[in-house]
Amino acid sequence: MARRKVIIVDDEQHICRLIEALIDWEAQGLEVIGFAHDGSSAFQMCQELSPDFLITDIQMPGLSGIDLIKKLYDKCPEIKVIIITGYSQFPYAHQALRYGVVDYLLKPIQKEELVHALQKGMELIDREIALPLEKESLALKSMREIKANLLTLILQDAEQAPKVHNRSRFIEEYHLKFQGEAWQLLQVEFILSNEENSASVQDFLKDKIKDIVVGELKGDHIEIVTALSGNSFFFLLNGDRDSLEQARIQLNQVKNKLLVVNDILQKINFTIGISSVCGDFSEISGCVQECHACIHYKIMKGKNKIIKYGDIPAAELESSYFINDNFRKQFLKGVVDADGEAVAAEINELVTFLYRFSGKIDGNIVLEIYQMLVRLFFKGIQTFSFTDFKEFTQDNLISQKEYFYSISGAFTYLSEIFQMLLKRCCEEKEDQNTQPIRETQLYIEEHYMEPVKLEEIARHVGLNETYLSSIFKKQVGKSLIDYLTYTRVQHAKELLINRNKSVNEIAEEVGFNDAKYFTKRFKKYTGVSPNEYRKLFA
């Protein structure tokens, strides 16, 4: 078979020669056919010699490397480009990846990295030539997909791994080579900032992570099955315990290579979670939960870390220890009073408390507290008529928890957002009558399940019953009784969807003594009966 042709481009001649001397080109089925020292000359050589590969630097006199690969992308898209540069600024990498480069390597390059990039490029060329694929290639592709499906099934149903009733048949069905009696799961989560989260960067990142992990951990005695789920790669490792121990040692090399990728992209953070070793395939589902616990523990350990499940301390305290009744009362008071400073002070005290007991909690507890704080804030802010949260909705703020790598970072972020939203509330609602209205709404929110009376509410807010009823109807658009009923119906809707209790039980739980009256009022507000609502939405 004819050797594939390569052109090397760098403005320094000795760099070209160093790259040429780095590997045995003939052994790789390649041949270096020329050198260029600027982009214009390189483009002309590509047109004249039609190479299969171009290895180029980014910064060169005249036509830059970026401009060169853009022209090749437009005029000679069949040429596979590998970037080798000392520049790690993200804009260079982002532009290069947009034009479909095979790989982006930082100087000083390693022999195995260059060889791997060239092999990846040759696989791309072979696939393009071999279309439509031969039956054998299709079979191999199908085998890889079936393997990946196994791990995907496990991830989708983490409660239970597929049953192995007949080991040999199971291995044959999933095209596995499981030999050892030990399994371990590895999760690599990668977080890329939203503004740089383009498809080309995502594709490059996914390929790079998979290549790095498999390249470092693979061996004669280890089977690796991979699957992508969201922004995490999962790697199921099988072998004997000695082989898995050797793989764990190689994780430091995986981390170092991911840090190099971080140098290239700059806006990426990653966490490597490794489960404990299990001796039975049926225990794999537990490994999934252990990996998740490792990833969550990044909020304690920081970014770009290897976190082993065995190193996570057992949680001795629950979230309720920190978000107790006294905290709820003080925090809600600050929200209801639109006192941003008081809210910030409560959060600062909470952060201090969390750090003080950091040895007795894990990442799951911290993230649960984060969610509880968000929900508590939005419960309190319901007393305002303010609804224009823009991107800072309850669900959006909760989803942001995956981006934090420290307790202080997560809760400082919430403190700032809460203060901003409270300020918006104050700016929109400065009427002097809003304070007793907010207190009334909060009182109803906290006591709706009880037999609430108008005189009790009026006494609580310090107003005459008639006056309170008047200003409440004017501000809210509902009478106090209607608002109480509306609140009870809203909570009943949640219970109908999320719980298996009977309609009578739910009616009693939300404060209705008469189930028939509850059904009548529920239908008035929703247009359907409680049972019909449950059928529609549960």
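The opening position of the sequence shown corresponds to residue 1 in full-length UniProt numbering, with each subsequent residue numbered one higher.
Ideal Cβ placement from N, Cα and C applies to all residues, glycine included.
**Item:** Whether A236 touches L185 by CB criterion (7 Å)
**Value:** The question names Ala, but residue 236 in the sequence shown is Leu. Yes, the Cβ-Cβ distance between L236 and L185 is below 7 Å.
**Message:** According to DSSP, C278 sits in a beta bridge with which residue or residues?
**Reply:** W183
**Item:** Spatially closest choice to I268 from I381, G279, I191, by CA coordinates
**Value:** I191
**Item:** Residue from L480, D514, T526 with nearest C-alpha to L496
**Value:** T526
**Item:** CA-to-CA distance, N238 to L18, given in whole angstroms
**Value:** 39 Å
**Close beta carbons around A515, own chain, < 6 Å, minus the five adjacent residues each side** = N504, A507
**Prompt:** Nearest to A345 by alpha carbon, out of L454, L414, T226?
**Reply:** L414
**Asked** With contact counted as at least three CB pairs below 8 Å, one residue from each stretch, are the stretch 326 to 342 and the stretch 264 to 284 in contact?
**Response** no
**Item:** C-alpha gap between G340 and N498, whole angstroms
**Value:** 33 Å
**Asked** Going by the CB atoms, is the gap between I417 and V366 shorter than 7 Å?
**Response** no
**Asked** In three-state terms, what does DSSP make of Q73?
**Response** Looking at the sequence provided, one finds Tyr at residue 73 rather than Gln. Y73: helix per DSSP, three-state reduction.
**Asked** Can you name the residues that DSSP bridges to G219?
**Response** I222
**Request:** Note down the Cα distance separating S529 from A338, rounded to an integer number of angstroms.
**Result:** 38 Å
**Request:** Could you pull out every unbroken alpha helix (DSSP H) segment of at least 4 residues lying fully inside the stretch 221 to 306, listed in chain order?
**Result:** 241 to 249, 251 to 265, 284 to 296, 298 to 301
**Asked** Do the CB positions of V188 and I209 come within less than 7 Å of each other?
**Response** yes
**Asked** When burial is assigned at 16 or more other CB atoms within 10 Å of the CB, is A2 buried or exposed?
**Response** exposed
**Message:** If contact is defined by three or more beta carbon pairs under 8 Å, each pair taking one atom from either stretch, is the stretch 252 to 262 in contact with the stretch 280 to 287?
**Reply:** no
**Asked** Can you name, in chain order, every residue of its own chain whose Cβ lies under 8 Å from the Cβ of I7, other than the five neighbours on each side?
**Response** V32, I33, G34, F35, A36, A42, M45, C46, L49, P51, F53, L54, I55
**Item:** Contact check, L484 vs L454, beta carbons under 7 Å
**Value:** no
**Counted within 10 angstroms of its Cβ, other Cβ atoms place H165 as buried (16 or more) or exposed** = Caution is warranted here: a pLDDT of 43 is assigned to H165, below 50, making its placement in the model unreliable, and the coordinate value is therefore given only provisionally. Answer is exposed; the Cβ neighbour count stays below 16.
**Asked** Where do the ends of the beta strand (DSSP E) carrying V336 lie?
**Response** Per DSSP, V336 belongs to no beta strand (DSSP E); it is in the alpha helix (DSSP H), 325 to 336.
**Message:** Can you tell me which residues form a DSSP beta bridge with Y104?
**Reply:** I83
**Message:** Based on DSSP bridge pairs, tell me the residues matched to I8.
**Reply:** F35, I55
**Message:** Within the continuous alpha helix (DSSP H) that includes A2, where are the two ends?
**Reply:** Neither: A2 is in no alpha helix (DSSP H) and is coded neither H nor E.
**Message:** Can you tell me whether E181 is buried or exposed? The criterion is at least 16 other CB atoms within 10 Å of its CB, across all chains shown.
**Reply:** exposed
**Request:** Counting only runs of 4+ residues fully inside the stretch 393 to 425, write out the alpha helix (DSSP H) ranges in chain order.
**Result:** 394 to 399
**Asked** According to the Cβ coordinates, are L244 and V277 closer than 7 Å?
**Response** yes
**Asked** D482 lies in the alpha helix (DSSP H); which residues open and close that run?
**Response** 480 to 498
**Prompt:** Would DSSP call E346 helix, strand or coil?
**Reply:** helix
**Message:** Can you tell me whether L536 is buried or exposed? The criterion is at least 16 other CB atoms within 10 Å of its CB, across all chains shown.
**Reply:** exposed
**Request:** Compute the Euclidean distance between the alpha carbons of F518 and T152, then round it to the nearest angstrom.
**Result:** 45 Å
**Message:** Taking the straight line between their C-alpha atoms, what separation do you get for N348 and G279?
**Reply:** 45 Å
**Message:** Let's see if you can read the secondary structure: which residues bound the alpha helix (DSSP H) around T434?
**Reply:** 434 to 447
**Inter-residue spacing [alpha-carbon to alpha-carbon] between G121 and H296** = 36 Å
**Which of helix, strand or coil DSSP assigns to V214** = helix
**Asked** Tell me the DSSP bridge mates of V188?
**Response** F233, I272
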